[in-house]
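Here's the structure we're looking at; comments come further down.
As structure tokens, then:
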């Protein structure tokens with residue numbers, strides 16, 4: 027069961043108090059900068075985690091002044107569209123079991139459970155294009171969301187290298203006989219993201235699976251494909267594209 031630390035109280039709270047009850051996820055983004063993208067990305071991963079658990083989700087975007095630029099950058103990062111805000115109070119609306127709000131640490135926490143994200147910055151002069159967008163997604167996900175970060179060209183190059191390596195490995199594993207995800211591995215993945223949406227720990231599980239001497243290649247493939255439902259890194263993208271890297 028997914029538990030999130032509420033920024034208002036500092037206490038862990040069950041994200042879905044009503045089993046499979048409709049949950050509204052609001053992303054409060056003030057500007058389409060690195061911090062705003064980090065907030066929206068955190069909300070995107072939160073939505074993915076809820077949906078994997080069978081929770082229906084309604085996504086809403088609030089606060090931003092330049093939505094066209096934000097939406098364009100969000101699409102490049104693989105963030106699914108959020109609806110524009112509508113009139114409504116801070117509490118759950120008709121048919122809603124829970125409201126989860128994701129906002130930057132510098133914002134005043136609003137009503138409802140508040141998921142806080144630390145500021146982020148990208149070094150001036152770092153070019154972000156369609157080819158590097160998924161690398162930026164990985165670089166942002168690899169750091170705890172409560173830790174401030176500043177990304178430079180070297181960080182993005184490292185993330186791009188990691189993505190290329192994983193995609194090549196997944197493409198290779200896909201040619202082997204399929205195998206189920208080992209129960210301990212599945213439990214570790216779920217325990218990681220259900221513990222306050224700890225995405226760096228999820229990435230750590232993937233690294234262990236890659237070097238494990240006991241997990242067959244087919245099971246490695248299934249593990250990475252399953253985890254990518256949360257991560258959104260297109261880890262299966264290179265399947266069938268020729269000899270894996």
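Numbering (our numbering), first residue to last: 27 to 271. Here a beta-carbon is modelled for each residue, glycine too, at the ideal position from N, C-alpha and C. Note that the coordinates shown come from a computational prediction; the quantities given were computed from them, not determined experimentally.
Short check: CB of residue i to CB of residue j, under 8 Å?
i: residue 38; j: residue 31; result: yes
i: residue 152; j: residue 184; result: no
i: residue 131; j: residue 141; result: no
i: residue 205; j: residue 245; result: yes
i: residue 96; j: residue 90; result: yes
i: residue 229; j: residue 72; result: no
i: residue 46; j: residue 81; result: yes
i: residue 167; j: residue 225; result: yes
i: residue 202; j: residue 67; result: no
i: residue 76; j: residue 83; result: yes
i: residue 260; j: residue 195; result: no
i: residue 51; j: residue 126; result: yes
i: residue 263; j: residue 193; result: yes
Residue i by DSSP, collapsed to three states: which one?
i: residue 78; result: helix
i: residue 270; result: Because residue 270 sits at a pLDDT of 44, beneath the cut-off of 50, its placement in the model cannot be relied upon, and the point is left open.
i: residue 201; result: coil
i: residue 103; result: coil
i: residue 170; result: coil
i: residue 26; result: Residue 26 lies beyond the stretch modelled for the chain, which goes from 27 to 271, so this question has no answer here.
i: residue 161; result: helix
i: residue 43; result: coil
i: residue 16; result: This structure does not reach residue 16, given that the chain is present from 27 up to 271, and the question cannot be answered.
i: residue 139; result: strand
i: residue 91; result: coil
i: residue 36; result: coil
i: residue 254; result: helix
i: residue 233; result: helix
i: residue 70; result: helix
i: residue 184; result: helix
i: residue 196; result: helix
i: residue 63; result: helix
i: residue 249; result: helix
i: residue 57; result: coil
Which word fits residue i, buried or exposed, when buried means at least 16 other C-beta atoms lie within 10 angstroms of its C-beta?
i: residue 210; result: exposed
i: residue 248; result: buried
i: residue 62; result: buried
i: residue 43; result: exposed
i: residue 271; result: Bear in mind that the predicted position of residue 271 carries a pLDDT of just 44, short of 50, making it too unreliable to give a figure here.
i: residue 213; result: exposed
i: residue 110; result: exposed
i: residue 149; result: exposed
i: residue 266; result: exposed
i: residue 160; result: buried
i: residue 255; result: exposed
i: residue 172; result: exposed
i: residue 239; result: exposed
Per DSSP, which residues does residue i bridge with? Please list them.
i: residue 6; result: A question about residue 6 goes unanswered here, because the residues of the chain that appear run from 27 up to 271.
i: residue 147; result: 176
i: residue 86; result: 52, 109
i: residue 221; result: 29
i: residue 226; result: Per DSSP, none; premise fails for residue 226.
i: residue 122; result: 48
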